[in-house]
Amino acid sequence: MKRTLFAMGIALASLASQAGDLQVSVIDKEGKPVQDAVVVLVPSTKASPKTALPTQIT
């Protein structure tokens, strides 16, 4: 019984931790790329990440 519950817990946890690729292009009204644009991503849920995210990605 404990093994079954543990396996179910692991399966449910893996469903919640999904990741994907993201590619963003920021352009102005004329279709030209915007230099040094800042894009902020906000999770769709109110859950906060378990580890701190980097403040700047280069």
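53 is the number of the first residue of the sequence shown in the numbering used here; add one for each residue after it. Note that the Cβ used here is the ideal one computed from N, Cα and C, for glycine as well.
Tell me whether residue i sits in a helix, a strand or coil according to DSSP, three-state version.
i: P95; result: coil
Report, in whole angstroms, the separation of the C-beta atoms of residue i and residue j, which I expect to be a contact under 8 Å.
i: V76; j: V91; result: 5 Å
i: V78; j: V86; result: 4 Å
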